[in-house]
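To keep things clear, I will list the structure first and then write my remarks on it.
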Amino acid sequence: MSIFEKLLHTVCRAIWGAEEKLLPPDFQPKKILIIRPHNQLGDMIAGTVLFRAMKETWPEAELYLIASPQNISGAQHNPFLTGIFNFDKKNLFSVKFLTSFYRFLRDDYDMVITPVVVSISFTSNLMAGISRGSRKIGAASLNGEINDSAYFFHERIDLDFRREEDLHVWERMMRNMGSVKLSHGELKTDIYYTQKDTDAVLVDLNERGYTEDQMLVGIHPGAGKPQNIWPAENFAEVINSVSELALSSANKSVFVFATGTSDEQWIIEAINSRVKNKVHFFKTAISEVAAMMQFADLFIANDTGIMHVAGAVCVPQISLFGQTNPLMWAPRGKDKYWLRESDDVKDISPEKVITLAREILLL
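Numbering (the numbering used here) for the sequence shown: 561 to 923.
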């Protein structure tokens, strides 16, 4: 730790340091602040299990969330949340933004929690420190890494998953509650979309030639991490095979849509150069992506944020894994499947995906 960092921690501890203490067993919070601006889209969606569990435990409680432009779409329209603050670093020099953010932090919260699963963020911990909350919960350490800013929290939790490598991210998220025991039903993630989103995607699909008598298959062939991308030629082989099987077995044509960003257009083009029928590329908002998935007969995705979107939607799904542990990260639930052969996602053969797709689609 540098001299500057030591000085920073000394000042922060003096101003916002909290006295360590556990929450009482009968704790009944009315207003809760959840701080998660440091996570990506998939992490945010995985964290929605916490929103649901909190509301099931404390139905009358109001839940407020701090998100970021990178992950806020995973929480928008969530009925368990009373309010969301979008912490956009681009606005840090705006007096209006900082004033609004300070007021959001300084509201009277009964509980403030900064959940962690992958990494500890000083910025998020600092937000907890600045906030006005009677009880603040955060990590004392994560997998042996000491949290140097744990002094912001009243309850400091040692989170160590090194001997539980297969513990699912949903259970890891729940461990962040520490001594607080939540009374909840089955854990599940949530993603929400509006009727407007549904109407918009139906119009878009119909304009591109989709009809209800077709089989609808979606793919997400891109990924934020290059090592998580299954080859374009493999996606193309699966699409061609499923299309032929659907026609011969069920007398149905297949309409294939792909989701992604402008940066991922290259892989869609690579797939389209190898398929017999065009794959339709949709660059649209996450809520519309989720709305489109509800109509799909199958969705195939690499290990990335959109995989978690599909995981929260009632759609049969195949997730493709390489370096990441699917027992920890794969979506769970009915009709949720995953494949992994090794640390290299390319080792998953197209034949394996085709066989599983046939079972799901009854071809």
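C-beta atoms are modelled at their ideal positions from N, C-alpha and C, and glycine is treated no differently.
Bear in mind that the values here come from a model prediction, so they are computed numbers and not experimental data.
- Closest by C-alpha distance to residue 787, out of 893, 685 and 883, is 883.
- Contact between the region 561 to 570 and the region 590 to 604 is absent: fewer than three C-beta pairs spanning the two stretches fall below 8 Å.
- The three-state secondary structure of residue 838, taken from DSSP, is coil.
- Beyond the five residues adjoining it in sequence on each side, residue 877 comes within less than 6 Å, by CB distance, of 859, 870 and 896 in the same chain, given in chain order.
- Residue 818 places its beta carbon 7 Å or farther from that of residue 846.
- In chain order, 583, 671 and 714 place their CB closer than 6 Å to the CB of residue 695, counting only its own chain and leaving out the 5 sequence neighbours on each side.
- By the Cβ test, the region 759 to 768 is not in contact with the region 792 to 812, since fewer than three Cβ pairs between them sit closer than 8 Å.
- Looking at the DSSP output, residue 775 shares a beta bridge with 814.
- Rounded to the nearest whole angstrom, the CA to CA distance from residue 638 to residue 750 is 8 Å.
- Nearest Cα to residue 758 within the set 904, 731, 746 and 844: 844.
- Look at residue 618 here: in three-state DSSP terms it is coil, with no helix or strand label.
- The alpha helix (DSSP H) runs lying completely inside the region 610 to 698 and spanning 4 residues or more are 655 to 665 and 682 to 690, given in chain order.
- Assigned with DSSP and collapsed to three states, residue 566 falls in helix.
- In the DSSP annotation of this structure, the continuous segment of the alpha helix (DSSP H) that includes residue 755 starts and ends at 755 to 767.
- Here the alpha carbon of residue 919 sits roughly 12 Å from the alpha carbon of residue 857.
- By DSSP's assignment, residue 595 forms a beta bridge with 626.
- A Cβ-Cβ contact shorter than 7 Å links residue 707 with residue 680.
- Counting the other Cβ atoms within 10 Å of the Cβ of residue 711 gives 16 or more, which makes it buried.
- Counting along the chain, residue 878 sits inside the beta strand (DSSP E) bounded by residues 877 to 881.
- For residue 723, there are no CB contacts under 6 Å within the same chain when 5 residues up- and downstream are skipped.
- Straight-line spacing of the CA atoms in residue 815 and residue 862 works out to 20 Å.
- Sequence-distant Cβ neighbours of residue 589 in its own chain, meaning closer than 7 Å and more than five residues away, are 618, 621, 670 and 671.
- Judged by DSSP secondary structure, residue 732 falls within the alpha helix (DSSP H) whose first and last residues are 729 to 735.
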